[in-house]
Amino acid sequence: MANLIYSATMSLDGFIAGPGGDMSWLAPYTAPDPAADELAARTGALLVGNTTYGGDDPNCGTDAEGAFGGTWHGPQFVLTHNPPASWPPDVTFTDDLGRAVATARAAAGAKDVNVLGADVARQCLELGLLDEVVVFVVPVLLGDGVRLFDHPGGHLIRLEHIARDVSEESTHLRLRVVRD
Numbered sequence: 316m317a318n319l320i321y322s323a324t325m326s327l328d329g330f331i332a333g334p335g336g337d338m339s340w341l342a343p344y345t346a347p348d349p350a351a352d353e354l355a356a357r358t359g360a361l362l363v364g365n366t367t368y369g370g371d372d373p374n375c376g377t378d379a380e381g382a383f384g385g386t387w388h389g390p391q392f393v394l395t396h397n398p399p400a401s402w403p404p405d406v407t408f409t410d411d412l413g414r415a416v417a418t419a420r421a422a423a424g425a426k427d428v429n430v431l432g433a434d435v436a437r438q439c440l441e442l443g444l445l446d447e448v449v450v451f452v453v454p455v456l457l458g459d460g461v462r463l464f465d466h467p468g469g470h471l472i473r474l475e476h477i478a479r480d481v482s483e484e485s486t487h488l489r490l491r492v493v494r495d
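Residue numbers (this note's numbering): 316 to 495.
Here it is, written out as structure tokens:
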């Protein structure tokens, strides 16, 4: 079965988007990265939050627009309560997280499902569905915005290192969710 992996690029102070979902801060940190390329190659489907799907892309209007700098193409499953009237052929909108995860895993085949969006990742963690967290920490402080993980009053979630790597652009952390 496909692993469910939450991946994000994060500022050193823990934000994956600036205030209002602003992603322009990310543009200077989109250079080629072997760890990101490896993650993209392992990805067979995306499970995306609606805010992320309709959000700010720092590469908008360029060849690098889209997931993994425009290098990844495949099925996307968008979790939303308000689907649009029409959508691209590789995109499916649903309001049922369990069904979205099951369908995305089936679509991914032998590859993994990459979760994009902090709220969807939090929901997957709460249900015990998330297998890994992959974070690219870049050298910038945003001070405010969307946190990598935010669950006020939540409980401790233990993670264990699978891999660590440092490149010129980021520090890459790959962690497994520990299930007790």
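We put the CB at the ideal spot given by N, CA and C, even for glycine.
Exercise. Name the one or two DSSP bridge partners that R473 has.
Key: Looking up residue 473 in the sequence shown gives position 158. According to DSSP, R473 bridges with nothing at all.
Quiz item: Fully enclosed by the stretch 317-360, which alpha helix (DSSP H) runs are 4 residues long or longer?
Solution: 349-357
Quiz item: Using CA coordinates, which residue listed in S401, H466, G364 and P404 is at the minimum distance from V416?
Solution: In the sequence shown, the residue the question calls residue 416 occupies position 101. The shortest C-alpha to C-alpha distance from V416 to any of S401, H466, G364 and P404 is the one to G364.
Quiz prompt | E447 versus R473, L456 and V455, residue with shortest Cα-Cα distance | solution = Position 132 of the sequence shown, counting from 1, holds the residue named residue 447. Measuring from the Cα of E447, the nearest candidate turns out to be R473.
Quiz item: So, do the stretch 332-352 and the stretch 402-410 have three or more beta carbon pairs nearer to each other than 8 angstroms?
Solution: no
Self-check item: Exposed unless 16 or more other CB atoms sit within 10 angstroms - verdict on L471
Solution: Here residue 471 is taken as the residue at index 156 of the sequence shown, counted from 1. Classification for L471: exposed.
Exercise. Tell me where the beta strand (DSSP E) around N505 begins and ends.
Key: The question about residue 505 has no answer, for the chain in this structure spans 316 to 495.
Self-check item: A317 beta carbon less than 8 angstroms from that of G359
Solution: Numbered from its first residue, the sequence shown carries residue 359 at position 44. Numbered from its first residue, the sequence shown carries residue 317 at position 2. Their beta carbons are under 8 angstroms apart, which means G359 touches A317 by this criterion.
Quiz item: Where do the ends of the alpha helix (DSSP H) carrying D260 lie?
Solution: A query on residue 260 cannot be resolved here, the shown segment of the chain reaching from 316 to 495 and no further.
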